[in-house]
Structures are given as structure tokens and as C-alpha cells.
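What follows is a single structure, written as C-alpha cells, with notes after it.
Numbering (this note's numbering), first residue to last: 346 to 478.
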């Protein structure tokens, strides 16, 4: 709101009147809540597809890799052991690697002889056992 005052100016008094600044009031809009993001069905499909693509690319880039070459690998040094009655794979592994991890040695023997499991050991058969130094 503003008021206007009129001053009487005499002919002898020539001084300008100071003008007051006028303030304009604006209406302040009410605070609005931020809009919630709503994905459509197509948007959800796009987001899921992009996430799967990113995970796939990261798996390819940072995943394990192997290279096939024309050269043959180095075969581990092995010895042949005949399985006698009462022998177990655990006992054979303990004799072959007395200072090492017996479980790892059993796994090595199973892998070398392509056995399905430790109980597939046949009495009288010869198996390859790694030589540990």
C-alpha cells in the first residue's frame, strides 16, 4: 500500500519533494511437492535391459579368461600306485604328500584319474598319484 501526500509549494520555496520508493507485493506460490517418477511398462523394460547389458559387459570384461593355444601343457610328474585291499584314497594321498594338505592331494588324484568321487576307487586298479617334492 502506498500513500500520496501533496505538499504545498510556495513560489519562493523551490525544493523537490523526495519520492518514496514504491513496494510491489507479489503473491508467493504455494510450495509444491516434488513429482514422483513413474515408469511405464516400456520404461521398466528399458531399465531392466540396460541393467542386464551392463552386468553382461562387466562379466565379459572382468571375468576369468583362458586362452587356447596350439601348445600342449606341462603334465605333472606322477607315479603309478596299485590299490590294495583296505586302501582308501585318503591313505594314498597321505603317503604321497605327508607334509601337504591331504584334501588338496585327494582332489588332485581324483582329477588326474577322472574319478567321479573318492568312493569310486576300485581294488586292484592302478591310479596315477602326483609326486610332491
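By construction, the Cβ of each residue, glycine as well, lies at the ideal position given by its N, Cα and C atoms.
Residue i burial status per 10 Å Cβ neighbour count (16 or more: buried)
i: residue 446; result: exposed
i: residue 385; result: exposed
i: residue 454; result: buried
i: residue 419; result: exposed
i: residue 444; result: exposed
i: residue 450; result: buried
i: residue 413; result: exposed
i: residue 474; result: buried
i: residue 437; result: buried
i: residue 442; result: buried
Residue range of the unbroken alpha helix (DSSP H) whose run includes residue i
i: residue 551; result: Because the chain is modelled from 346 through 478, residue 551 falls outside the range shown and cannot be assessed.
i: residue 388; result: 386-407
Cβ distance (whole Å) where residue i is taken to contact residue j below 8 Å
i: residue 399; j: residue 471; result: 52 Å between Cβ atoms; not a contact.
i: residue 476; j: residue 424; result: 6 Å
7 Å Cβ cutoff, residue i in contact with chain B
i: residue 437; result: No chain B appears in the structure shown, which is made up of a single protein chain.
Which runs of the alpha helix (DSSP H), 4 residues or longer, sit entirely within the segment 412-473?
434-441 and 447-457
Taking contact to mean 3 or more Cβ pairs, one atom from each stretch, closer than 8 Å, check whether the segment 419-438 and the segment 458-475 are in contact.
yes
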